[in-house]
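Residue numbers (our numbering), protein chains in the order written: chain A, 237 to 383; chain B, 237 to 383.
Even for Gly, the Cβ is constructed at its ideal location relative to N, Cα and C.
This structure is a prediction, so every number in the text was calculated from the model and none was measured.
Before any comments, here is the structure.
There are 2 protein chains.
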Amino acid sequence: MTYSIGDISKMYDIPVSTLRYYDSEGLFPDLQRKSGIRIFTDRELDQLRMIECLKKSGLEIREIRQFMEWAKQGSSTYQQRYELMSRQLESIENQIAEMRKVQAMVQYKCWYYSKAIEDGNEDGLKEMMPDHLPEDIQKLYDLAHDR
Amino acid sequence: MTYSIGDISKMYDIPVSTLRYYDSEGLFPDLQRKSGIRIFTDRELDQLRMIECLKKSGLEIREIRQFMEWAKQGSSTYQQRYELMSRQLESIENQIAEMRKVQAMVQYKCWYYSKAIEDGNEDGLKEMMPDHLPEDIQKLYDLAHDR
DNA sequence: CATTTACCTTAAGTCCACTTCAGGTGTTAT
DNA sequence: ATAACACCTGAAGTGGACTTAAGGTAAATG
Numbered sequence: 237m238t239y240s241i242g243d244i245s246k247m248y249d250i251p252v253s254t255l256r257y258y259d260s261e262g263l264f265p266d267l268q269r270k271s272g273i274r275i276f277t278d279r280e281l282d283q284l285r286m287i288e289c290l291k292k293s294g295l296e297i298r299e300i301r302q303f304m305e306w307a308k309q310g311s312s313t314y315q316q317r318y319e320l321m322s323r324q325l326e327s328i329e330n331q332i333a334e335m336r337k338v339q340a341m342v343q344y345k346c347w348y349y350s351k352a353i354e355d356g357n358e359d360g361l362k363e364m365m366p367d368h369l370p371e372d373i374q375k376l377y378d379l380a381h382d383r
Numbered sequence: 237m238t239y240s241i242g243d244i245s246k247m248y249d250i251p252v253s254t255l256r257y258y259d260s261e262g263l264f265p266d267l268q269r270k271s272g273i274r275i276f277t278d279r280e281l282d283q284l285r286m287i288e289c290l291k292k293s294g295l296e297i298r299e300i301r302q303f304m305e306w307a308k309q310g311s312s313t314y315q316q317r318y319e320l321m322s323r324q325l326e327s328i329e330n331q332i333a334e335m336r337k338v339q340a341m342v343q344y345k346c347w348y349y350s351k352a353i354e355d356g357n358e359d360g361l362k363e364m365m366p367d368h369l370p371e372d373i374q375k376l377y378d379l380a381h382d383r
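Below, the structure written as structure tokens:
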């Protein structure tokens, strides 16, 4: 099965210009052409899924290109690819932990403003604020403030 | 307690230039000065924590400025601030869910390459690949590939 | 047969969040 | 007193990831 650049664009909701940009950056190292026109196959679909994933994990385009080049080189680069994935795994785990703290802070602020709306002011809040919050809210507050 | 811009820079490991940039973008709406020099207080420390948090949640500088302006306006903007935090909470939850999928993909790839290293090739892997993976790995694969 | 459509290229432009530069003031240390 | 610091400003520069513009080819549709 093969696809045109426009097919891929619709399937993944990615602008055609972005797909061309990725190609120009070497992110599809095996992409074939028929009289100048790019022919995408399931191989490129897999690569595109991987690109999106690696981007979300925080890799830059040139690092993704490096990974794609390693993949092209075959079995001699298993080790490098494994190490890259291990590093990314650690990085993602840190990012998730960080996001949990952000989530706690935002949950705390949601509670805070809903209480402020109820009371019409922040007076009561300011009194309980460092250490006398309701138990469940205190947990969020402490998590968000690293304590 | 007050702090100089250099103090804050060291405490939070943020370049002085970034703090000046934040100030120039209106992210410290109450920041005082003594003969031209910025005087940071605990209020600005709280704001800086909030800036970092909102940035991590995906807000742009101008949206953070909006939030800070609302905060300056007092009780009349509780509702807007509550709504912003609610939206961000939802967004963070989506981001965490997305990161979990990325994590599953990267965990799967870690397993994949460690197996490839062990085997010296991907032949065995390619045979089990769509549906005959070891049970725990299959879960990762399915999660990462939305199935 | 003309125009619309889908593809192509290279180069320049955009957006965001900083960062660097050039030049200046005021206080402290040798 | 001179140099080293820590602060200041406004303007220009940077980096990354696209996006847009300008101009062209080739197949297909009215």
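Name the one or two DSSP bridge partners that residue i has.
i	result
Lys270 (chain B)	B:Ile273
Tyr239 (chain A)	A:Phe276
Grab the span of the alpha helix (DSSP H) containing residue i for me, first residue to last.
i	result
Leu361 (chain A)	Asp359 to Met364
Ser253 (chain B)	Val252 to Ser260
Phe386 (chain A)	Nothing about residue 386 (chain A) can be read from this structure; chain A reaches only from 237 to 383.
Ser327 (chain A)	Tyr314 to Asp355
Asp372 (chain A)	Glu371 to Ala380
Does residue i come within less than 7 Å of chain A when only Cβ atoms are used?
i	result
Tyr239 (chain B)	no
Gln283 (chain B)	no
Gln268 (chain B)	no
Ile300 (chain B)	no
Leu325 (chain B)	yes
Ile373 (chain B)	no
Ile328 (chain B)	yes
If we cut at 7 Å on Cβ distances, does residue i have a partner in chain B?
i	result
Gln339 (chain A)	yes
Ser384 (chain A)	Not covered by the structure: residue 384 (chain A). The range shown for chain A is 237 to 383.
Ser293 (chain A)	yes
Ile287 (chain A)	no
Ile297 (chain A)	no
Ile332 (chain A)	yes
Review point. For the stretch 305-318 of chain B, which residues have a beta carbon sitting closer than 8 Å to at least one beta carbon of chain A?
Key: From the stretch 305-318 of chain B, only Ser311, Tyr314, Gln315, Arg317 and Tyr318 have a Cβ closer than 8 Å to chain A.
Review point. Can you list, in chain order, the residues of the stretch 244-265 of chain B whose Cβ is nearer than 9 Å to any Cβ on chain A?
Key: Per Cβ criterion, the list is empty.
Practice item. Give the residues from the stretch 349-371 of chain B that approach chain A closer than 7 Å (Cβ to any Cβ), ordered along the chain. Key: Within the stretch 349-371 of chain B, the residues whose Cβ lies closer than 7 Å to some Cβ of chain A are Tyr349, Ser350, Ala352, Ile353, Gly356 and Asn357, listed in chain order.
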